[in-house]
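Working notes, beginning with the structure itself.
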Amino acid sequence: MQLELKNVSYTYGKGTVFEVNALSNIDLAIEEGQFIGIIGHTGSGKSTLIQHFNALMEPTEGKVLFEGEDIWGEKYDRRALRSKVGLVFQYPEHQLFETDVLTDVAFGPKNQGLSKEEAEARAREALVQVGFPEKFYGHSPFELSGGQKRRVAIAGVLAMNPKVLILDEPTAGLDPKGRDEILDQISYLHDQRGITIILVSHSMEDVARYADRLIVVNDGRIPYDGTPREVFAHYKELEKIGLAAPQITYIMHDLAAKGLPVDVQATTIEEAKKSILEALAGKGAKR
Amino acid sequence: MGIIKAVKLCFDYMKYGEDDSKIEKVRAIDDVTLDIKKGDFIAILGHNGSGKSTLAKHMNALLVPTEGTMWVDEIDTSGEEEIWKIRQKAGMVFQNPDNQIIGTVVEEDVGFGPENIGVPTDEIWSRVDDSLSRVGMLKHRKKSPNRLSGGQKQRVAIAGVIAMRPECIVMDEPTAMLDPTGRKDVLRTVHELNEKLGITVILITHYMEEVIGADHVFVMDSGHIVMQGTPREIFTEVDKLKKYRLDVPQVTELAYELRKSGIDIPAGILTREELVEALV
Amino acid sequence: MRNITIGQYYPADSILHRLDPRVKFLGTLVFIISLFLIKGVAGYVFVTIVLATLVRLSKVPFGMMLKGMKAIIFILIITVIFNMLFTPGEAIFTIWRLTVTREGVAQAFRMAIRLSYLIIGSSIMTLTTTPNQLTDAMENLFSPLKVLKVPVHEISMMMSIALRFIPILMEETDKIMKAQIARGADFESGNLIKRVTNMIPLLVPLFVSAFQRANDLAMAMEARCYHGGEGRTQMKPLRYEKRDYVAYALMLAFAAASVCFCVFGGGWI
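Protein chains in written order, with this note's numbering: chain A, 9 to 295; chain B, 34 to 313; chain C, 24 to 292.
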């Protein structure tokens, strides 16, 4: 098992009157190579959860294991861990600071102790992987467009060669095409490099399309954990906790209710299209 | 003439090099002509960098055209003397909720605009009460804005605008930084203001679902208005929208795909009820 | 991070919350001055009673005020140590070359009380007064300076904006710091020079963001018709009520009492 949380709880302001439980007794195991979607409304505890994955936060109770080792063990190298478990925060372009794109992306690898040349080689590789055009490598990151800045920032984490890549709403504020481009790039990384992806998103449509496992966070707990089809089958319960299913799910349920024998668990447009066409053809044949 | 009218509007800005030398002139808005009817709910769609925000800033005289003319309620925005009148008539809500709230207490922020235009104290209070209750934030009036969610902050910003008794509200991607719940709340609030107070709304966005309830939609690309019409007319042209880096709601896309596969359903389906109706 | 005490208003319905901010501002000044005037046990007992009464009247939990103390605990300790060691007088005991004197202990005790009362006193003001009210009060009290071309309105507007953005920037600092730590940045080890250079990945983004915010905010203010103090009305104009005059009277009595303690006080402390 690559990443494991064992009975993890996190309490803000422990021991004061302001005690707030952000996470309660979380048990979670993440296998190498999974594409995981994390959904939950604002304040559900999902940000706290992902910061436990790379030791930015220490659980007040329980254990976090990476490749079987306790990351809060006495001699554990947590800085090294952070390059293995990369975390891209929301609006990551706010962390850019260098005078040119290449140097900024090389910041992570340099911190890992690589030489300037090695670090830059890694940076180039990462920039290619996020689809950033080479002619801008020497530009100041502050002059780029929003979408390009975002790519540079993601490359900055990717250049550390992480085995797990966590992204907190990587598409926030981007236009539809920009959203698709970033998500396709992430999905490509997952397929080509076999990186474990953990994607935090507010878009049910996006997680349904890309993730093979969905984790729902609510009130510091994980009420649902399964494939998108399984999780979205609970769409009524999801609504109660401020979430929803993709629009497609609702359409399929409506159609089924009207007597069209479609697959109600379809969550993407492709699945829905296929199922509706089959159902309509079946109906036609009977006539 | 409508509440907002632009004729052959162009806007250029200069790009500067690192040594402050002028590198090039960039045309952000190119030959835009539009006429917005009072009381309408207008949506302006466009990808990032299409010029839609620049256009929005012209409606509040934050920018003035390089060429062509912009009128707000029949006042030419290039005249210096009526600038405060224009800004009172066309209020503006921006993208980042944190960077537009000035007050350290919700109600004081809502009072900021009326204070600036010299509204008497008693009336400021009644306007603040009224505006806050219209956006559903009355019970948070004494709170610090820092303790509100993004959607709540945007609603405070909207209250701040309607406290100035504007003719129209120009909203520059007000939901881009919000979560789905916040987005829904803000959108519902704006629709209510449009329906109940008859305030003209100009909503700039790239969330396709937010456009469905609009009376008229403009699509912008590289400074031009490239498409316009009702939401249904716009969403019929799925391929064209994708060319402009945009998208359509999932329902519309599914209907479009089914239509392409030879299923006999009407073009430009917007809601799931319509689709279900057409299929069964 | 958003819970820092400075400039952080604590909403409650108390007589102190309702007082005119000018009264509270001047009152705080009088209190601070009197802290350095009074002498003698009786004097200290007197201010303690006054302060305790104010704390009670404010309806703000005492813990909130102690939070402000955390920031100065270091200064407090240094002051105490210096006063204990370097005040000449009758020696109590000597370790190595350092002598603790009776006068030193007394002086240290006095300074500790003054400093902590100063912090508590001023946090009563900031906790019961919104930053906007406070800047209004200052604008009003300093308005005679306008004759001397001092931009009183602009200064007070700047202060109130700063107060609004401090918590936001603090949170942002925290966020950027975490993001850079996730990229392997090290903010803790190394010598002084290394530590300073290590701060660059934190400071540059912070400045960029602060400028961006300033830009946005200026635009938002303009869009809402802000054009300086001219022709501006006030939502919460300052008007003295009966209770404010009573407060002024009490303040005067307090000042007189402090002067008395200064002149007639004394004793061993």
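Every residue gets a Cβ at the ideal spot worked out from N, C-alpha and C, and that includes glycine. Here the structure is a predicted model, which means the values were calculated and not measured.
Practice problem: Locate the alpha helix (DSSP H) running through Pro231/A, then write down its first and last residues. | Solution: First-last for Pro231/A: Arg229 to Gly234, but that is the beta strand (DSSP E), not the alpha helix (DSSP H).
Quiz item: Using CA coordinates, which residue listed in Tyr232/A, Glu286/A and Leu263/A is at the minimum distance from Ile34/A?
Solution: Tyr232/A
Quiz item: What residues match up with Leu69/A in a beta bridge as DSSP calls it?
Solution: For the sequence presented, residue 69/A should be read as Glu rather than Leu. Its beta-bridge partners are Ser17/A.
Exercise. Can you grab the Cα-Cα spacing for the pair Ser255/B / Phe97/C, in whole Å?
Key: 58 Å
Quiz item: In the structure shown, what three-state DSSP assignment does Val261/B receive?
Solution: Note that residue 261/B corresponds to Gln in the displayed sequence, not to Val. Gln261/B: strand per DSSP, three-state reduction.
Quiz item: Taking C-alpha atoms, which residue in Ser166/C, Phe109/C and Asp43/C lies nearest to Ser179/C?
Solution: Nearest option by C-alpha distance: Ser166/C.
Quiz item: Roughly how many angstroms lie between the CA atoms of Gln235/C and Asn132/B, to the nearest whole one?
Solution: 9 Å
Practice problem: Rank Thr151/C, Leu157/C and Lys62/C by C-alpha distance to the C-alpha of Arg41/C and give the top, closest one. | Solution: Thr151/C
Quiz item: Where in the segment 67-91 of chain B do unbroken runs of the beta strand (DSSP E), each at least 3 residues long, occur, reported from the N-terminal end onward?
Solution: 74-79
Exercise. For Gly262/B, decide whether its Cβ has a neighbour in chain A, counting only Cβ atoms nearer than 8 Å.
Key: no
Exercise. Could you spell out the range, first to last residue, of the beta strand (DSSP E) harbouring Cys43/B?
Key: Ile37 to Tyr49
Exercise. Return the first residue and the last residue of the beta strand (DSSP E) that Arg198/B is part of.
Key: Secondary structure note for Arg198/B: it is in no beta strand (DSSP E), with a DSSP letter that is neither H nor E.
Exercise. Give a yes or no on whether 8 Å exceeds the smallest Cβ distance from Pro98/B to chain C.
Key: Output row for Pro98/B: interface = no.
Practice problem: Would you give the residue range spanned by the beta strand (DSSP E) that Gly41/A belongs to? | Solution: Note, Gly41/A: premise wrong, no beta strand (DSSP E); not H, not E.
Practice problem: State the beta-bridge partners of Val234/B as determined by DSSP. | Solution: According to DSSP, Val234/B bridges with Phe74/B and Ile202/B.
Practice problem: Please say whether Val189/B and Ile134/B have beta carbons closer to each other than 8 Å? | Solution: yes
Practice problem: Could you list the residues in the segment 143-158 of chain A with a C-beta less than 7 Å from some C-beta on chain B, going in chain order? | Solution: Ser153, Gly154 and Gly155
Practice problem: Look up Pro269/A in the DSSP assignment and say whether it is helix, strand or coil. | Solution: coil
Quiz item: Taking only runs of the alpha helix (DSSP H) that begin and end inside the segment 134-182 of chain C, which ones reach a length of at least 4 residues, in chain order?
Solution: 154-164
Quiz item: Any chance the segment 241-250 of chain A sits against the segment 77-95 of chain A, with 3 or more Cβ pairs inside 8 Å?
Solution: no
Quiz item: Considering Glu25/B, what are the terminal residues of the beta strand (DSSP E) in which it resides?
Solution: For residue 25/B there is no data in the structure shown, the boundaries of chain B being 34 and 313.
Practice problem: Say whether chain A places a C-beta atom closer than 8 Å to the C-beta of Gly207/C. | Solution: yes
Self-check item: Rounded separation between Arg25/C and Gly183/B - CA only
Solution: Note that Arg25/C has pLDDT 42, beneath the 50 cutoff, so the model's placement of it is unreliable and the number below is only indicative. Cα to Cα, the separation comes out at about 15 Å.
Quiz item: Nearest CA to the CA of Ala288/B: which residue from Gly301/B, Arg278/B and Lys118/B?
Solution: Closest option to Ala288/B, Cα to Cα, is Gly301/B.
Practice problem: Quick one: using the 10 Å Cβ neighbour count with 16 as the cut-off for buried, is Trp291/C buried or exposed? | Solution: Per-residue confidence for Trp291/C stands at a pLDDT of 44, beneath the threshold of 50, marking its modelled position as unreliable; no derived number is given.
Quiz item: Is there at least one Cβ from chain C nearer than 8 Å to Gly165/A's Cβ?
Solution: Checking the displayed sequence, the identity of residue 165/A turns out to be Val instead of Gly. Chain C contact via Cβ: present.
Self-check item: Close beta carbons around Gly136/B, own chain, < 8 Å, minus the five adjacent residues each side
Solution: Around Gly136/B: Asp142, Val143, Gly144, Phe145 and Pro178.
Self-check item: Residue(s) in a DSSP beta bridge with Arg60/B
Solution: Asp45/B
Exercise. Determine the extent of the beta strand (DSSP E) in which Phe251/B is found, giving its start and end residues.
Key: His249 to Asp254
Quiz item: Gly186/A and Asn81/B look like a contact to me (Cβ under 8 Å); what is the Cβ gap, rounded to whole Å?
Solution: 7 Å
Self-check item: Where Leu64/A meets chain C, residues with beta-carbon distance less than 9 Å
Solution: By Cβ distance, chain C contributes Lys201, Ile204 and Ala205.
Practice problem: Label Ile37/B either buried or exposed according to how many other C-beta atoms from any shown protein chain fall within 10 Å of its C-beta, with 16 as the threshold for buried. | Solution: Burial state of Ile37/B is buried, judged by a 10 Å Cβ sphere holding 16 or more other Cβ atoms.
Quiz item: Looking at C-alpha atoms only, which residue of Glu290/B, Val252/B, His257/B and Gly262/B is the closest neighbour of Lys274/B?
Solution: Residue 274/B is actually Leu in this sequence, not Lys. The shortest C-alpha separation from Leu274/B is found at Val252/B.
Quiz item: Whose Cβ in chain A lies nearer than 7 Å to the Cβ of Gly82/B?
Solution: Neighbours of Gly82/B on chain A, chain order: Ser153.
Quiz item: Do you know how far the Cα of His210/A is from the Cα of Ala35/C?
Solution: Straight-line spacing of the CA atoms in Ala35/C and His210/A works out to 36 Å.
Quiz item: Does the beta-carbon distance from Ile162/A to Pro178/A come in below 8 Å?
Solution: yes
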